[in-house]
Every structure is written in C-alpha cells, then in structure tokens.
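Structure, as structure tokens:
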Amino acid sequence: MAEELFATQGIEAVSLREIARAGGQKNVAAMQYHFGDRQGLFSAILEYRMSRIELLRQELLAASDERGDGNTLPSLISCLVLPFVEHVRNEGERSHYIEFLARLQVSHPEFVAQENAGKPWQANVLEISRRLQVLAGSDSISSIYQRQRMMGACLIHSVAEFERGLRSGHYSTDGLDAFTDNLVDALCGIISAPYR
C-alpha cells in the first residue's frame with residue numbers, strides 16, 4: 248500500500264497516517280513502532296523488493312558467464328535491465344515499485360545511495376559496474392561514473408514510465424519485450440558513445 252501511494256502521489260505527499268489509513272490500520276503508532284519513520288519504511292520497501300530483484304540479476308549474470316558473453320556490453324546491460332522488467336511483467340498493472348524507486352531517487356538521492364551502500368543486493372550491480380569500467384576503456388574515472396549514473400537514471404525512469412503506462416492502459420505486457428530491447432540498445436549507447 249505504501250509503495251503504491253508513494254508511487255502515485257509522490258514521496259513527500261504521503262504521510263504515515265495516510266498509509267496506515269489506506270492499509271486499514273487504525274493505529275499509526277504501531278506502524279511507527281515497526282518502521283520508525285518514513286525512511287525506515289523506505290528501507291523496508293527497498294530491502295523487500297531489491298533482494299528479490301537481485302536474485303534474478305545474480306542468475307542472469309551467472310548464465311551469461313556460462314555462455315561466455317558475461318563481459319559483453321549487451322549482456323551486462325541486460326543483466327541490469329531484465330530484473331526490473333521482469334518485476335513489472337510479473338506484477339502487471341499492480342506494479343508500483345519502479346515508479347516508487349524513481350521518485351525516491353529524485354527526491355532523496357543521498358538516502359538511496361546510502362541505503363544501497365554495502366547491501367547484499369548491490370553485489371552484482373557493483374560487479375557489472377566494474378566490468379563496464381573495463382569495457383569503457385576511458386582513462387577518466389569521473390566520465391565512466393557519470394555515464395553509469397546517466398544509464399541508471401535512464402533505466403529506472405524508463406521502466407517506471409512503462410509501469411505507469413501499464414496501469415493507464417497505454418502499454419500492455421505484450422510490448423514489454425520490444426521495450427526491453429530498445430532500452431538495452433539505448434543504455435548500451437550511453438556507455439559506448441565516444442569519450443571526449
């Protein structure tokens with residue numbers, strides 16, 4: 248319920264009281280006891296969703312390594328994209344997590360960075376990042392870092408837009424494969440564009 252409210256109304260627009268009420272909870276204190284505050288709730292949502300998303304990412308990376316293409320740009324980008332896309336595919340019109348994540352990244356970027364630091368769900372993302380740095384071939388670590396940040400923002404916001412489109416009827420899961428191919432190609436372009 249909290250994820251949906253944050254996604255559809257905005258991170259700052261929703262109080263714990265409103266979340267409790269929407270969830271049929273009369274006692275806001277119980278919610279505050281369990282999560283502490285809004286950031287505690289954000290953390291719980293991230294941990295719940297990202298731990299599941301990361302399991303698929305780990306499987307995809309292992310499978311690409313077994314095939315021998317684990318160090319190619321399209322394969323690495325696919326390992327980043329597919330877990331989020333599969334979440335949307337599995338949840339369908341009920342999906343709100345990616346939009347929640349996109350809004351959280353915009354409104355609380357420091358929190359998201361801090362919350363992700365050292366978490367188990369970041370292990371494969373960090374490995375993919377390391378491999379992308381090797382592929383980039385740029386001497387400028389700051390340029391590589393900027394490209395990866397751009398790619399991450401484009402990934403999350405693009406999937407969030409598709410997620411919204413599913414709920415509004417603008418998109419259907421039938422178009423998810425073509426969307427995924429286009430997104431992987433676009434993100435490969437961000438990384439592979441010549442450095443100046």
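Under our numbering, the first residue of the sequence shown carries the number 248, and numbering increases by one thereafter. Ideal Cβ placement from N, Cα and C applies to all residues, glycine included.
Proximity to N371 [Cα-Cα], best of G365, R304, P321: Relative to the Cα of N371, the nearest Cα in the group G365, R304, P321 belongs to R304.
7 Å Cβ cutoff met for F330 and C435: It is worth fixing the name first, because residue 330 is Pro in this sequence and not Phe. Cβ distance not < 7 Å, so P330 and C435 don't count as in contact.
Proximal residues to A364 (C-beta, below 7 Å), its chain only, five neighbours per side dropped: Around A364: no qualifying Cβ.
Status (buried if at least 16 other CB within 10 Å, exposed otherwise) for E250: Result: buried.
At least 3 beta-carbon pairs within less than 8 Å: the stretch 285–296 vs the stretch 373–390: no
Candidates F409, H355, Y344: closest to S298 by CA position: Y344
Burial state of M398 (16 or more Cβ within 10 Å): buried
Between the CA atoms of R264 and Y278 - distance to the nearest angstrom: Rather than Tyr, the amino acid found at residue 278 in this sequence is Met. Cα to Cα, M278 sits roughly 9 Å from R264.
Proximal residues to S354 (C-beta, below 7 Å), its chain only, five neighbours per side dropped: I258, E259
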